[in-house]
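Letter 30 of the sequence shown, counting from 1, is numbered 27 in the working numbering, and no numbers are missing. Every residue gets a Cβ at the ideal spot worked out from N, C-alpha and C, and that includes glycine.
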Amino acid sequence: MSKFYELSHILDAFSTLKKEKWIEKILKSVKNKIFWDHINSENIEEFKEFVRDFNSLYYLMKKKFENKYRTSWERYFEHLREVVNQVLKLPNPNTNKVLIAIAHDSIEDTNKTFEWLNEDYGYHVALAVQAISKEKWQDYTDENIDNDDEKEKDAKEKRNKKYFSHLKSFKTMSKHIISIAKNKWIKLTKKELEEITRDALDVKFADRIHNLSTQWDPTDLEQVRKKVEETKIYFLEISKETNIESYHIIKALILNLEIQIFNTQWKVEKVVKK
């Protein structure tokens, strides 16, 4: 007969675990949604390994992003936490997705590398994070363009075009991950490739959902429009193909932003006509 464990007893076993209400909330959600609310002698070690990994990643990302803020003036670290929350709300969460979510900007926006993620958290997490990380825009120009805003903008557009090309379909993202794996001398089975591809995409959808939910800025309607159009072009088709729940959420957020844009323009036009 399997022995069952309470979450509080498991956490007590981690003497170095710095308890925060949010971490405990996430661990309860993981226990409920991923482990079907049953931590027993068969899966206790898997759960403990996840707790160790998530705890270390959480505090490392918190430190790395502690002085960074988004354009909405939200602490950037709050974005990482919200992506974790969203991943756990979407269908079929797993422990790898949760780790990918909290670390999804580590390669792109900090000095942490693929090699670090691979060594400490495994190639599943490392490949997924790398796959949804933008390259440095400086790699898309051969010129020294310091203080040249137009050339920097052009380099970023080239970078973004290649980045979003991987989001055309499940197949294109899989090819992207295969390319990264080959470059890192990692061999993947067909099952591993499918799982990593799906996990990377689902975290990317969660990331886009939170971005759209915080996108509204009545003082910069052009930027809001740009994000809406970008989402329509690159996210609707692939989310409909691979994660229908994400598709419906993204579509609803787009509609909400379009309504807000229309209402703001109508109010401005009304004032001008007066």
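Between the Cα of residue i and those of the options, spot the shortest distance and give me the residue it belongs to.
{"i": "residue 78", "options": "88, 62 and 113", "result": "62"}
{"i": "residue 150", "options": "34, 232 and 133", "result": "133"}
{"i": "residue 185", "options": "80, 46, 119 and 82", "result": "119"}
{"i": "residue 54", "options": "33, 83, 68 and 95", "result": "95"}
{"i": "residue 157", "options": "44, 227, 1 and 32", "result": "227"}
{"i": "residue 106", "options": "66, 93 and 155", "result": "66"}
{"i": "residue 236", "options": "146, 154 and 87", "result": "87"}
{"i": "residue 36", "options": "56, 3, 59 and 21", "result": "3"}
{"i": "residue 11", "options": "42, 253 and 80", "result": "42"}
{"i": "residue 181", "options": "111, 262 and 83", "result": "111"}
{"i": "residue 136", "options": "154, 187, 190 and 124", "result": "154"}
{"i": "residue 168", "options": "123, 109, 234 and 183", "result": "234"}
Helix, strand or coil for residue i per DSSP?
{"i": "residue 1", "result": "strand"}
{"i": "residue 72", "result": "strand"}
{"i": "residue 206", "result": "helix"}
{"i": "residue 36", "result": "strand"}
{"i": "residue 261", "result": "helix"}
{"i": "residue 139", "result": "coil"}
{"i": "residue 132", "result": "coil"}
{"i": "residue 10", "result": "coil"}
{"i": "residue 17", "result": "coil"}
{"i": "residue 232", "result": "coil"}
{"i": "residue 240", "result": "coil"}
{"i": "residue 251", "result": "helix"}
{"i": "residue 246", "result": "helix"}
{"i": "residue 23", "result": "helix"}
{"i": "residue 41", "result": "helix"}
Exposed or buried, residue i, counting other C-beta atoms within 10 Å across all chains shown (16 or more means buried)?
{"i": "residue 249", "result": "exposed"}
{"i": "residue 49", "result": "exposed"}
{"i": "residue 209", "result": "buried"}
{"i": "residue 196", "result": "buried"}
{"i": "residue 194", "result": "buried"}
{"i": "residue 92", "result": "buried"}
{"i": "residue 231", "result": "buried"}
{"i": "residue 201", "result": "buried"}
{"i": "residue 139", "result": "exposed"}
{"i": "residue 1", "result": "exposed"}
{"i": "residue 162", "result": "exposed"}
{"i": "residue 252", "result": "exposed"}
{"i": "residue 129", "result": "buried"}
{"i": "residue 64", "result": "exposed"}
{"i": "residue 240", "result": "buried"}
{"i": "residue 89", "result": "exposed"}
Report yes or no: do the stretch 2 to 13 and the stretch 21 to 37 share at least 3 C-beta pairs separated by less than 8 angstroms?
-> yes
Is the stretch 250 to 264 in contact with the stretch 215 to 229, if contact means three or more CB pairs nearer than 8 angstroms?
-> yes
Are the stretch 84 to 100 and the stretch 169 to 184 touching, with three or more C-beta to C-beta distances below 8 angstroms?
-> no
Of all the alpha helix (DSSP H) runs that stay within the bounds of the stretch 59 to 127, which reach a length of 4 or more residues?
-> 73 to 86, 92 to 99, 103 to 106 and 111 to 118
For the 8 angstroms Cβ check, are there 3 or more pairs between the stretch 238 to 248 and the stretch 189 to 206?
-> yes
Go through the stretch 163 to 217 residue by residue and report every complete run of the alpha helix (DSSP H) that reaches 4 residues or more, in order.
-> 167 to 180 and 187 to 210
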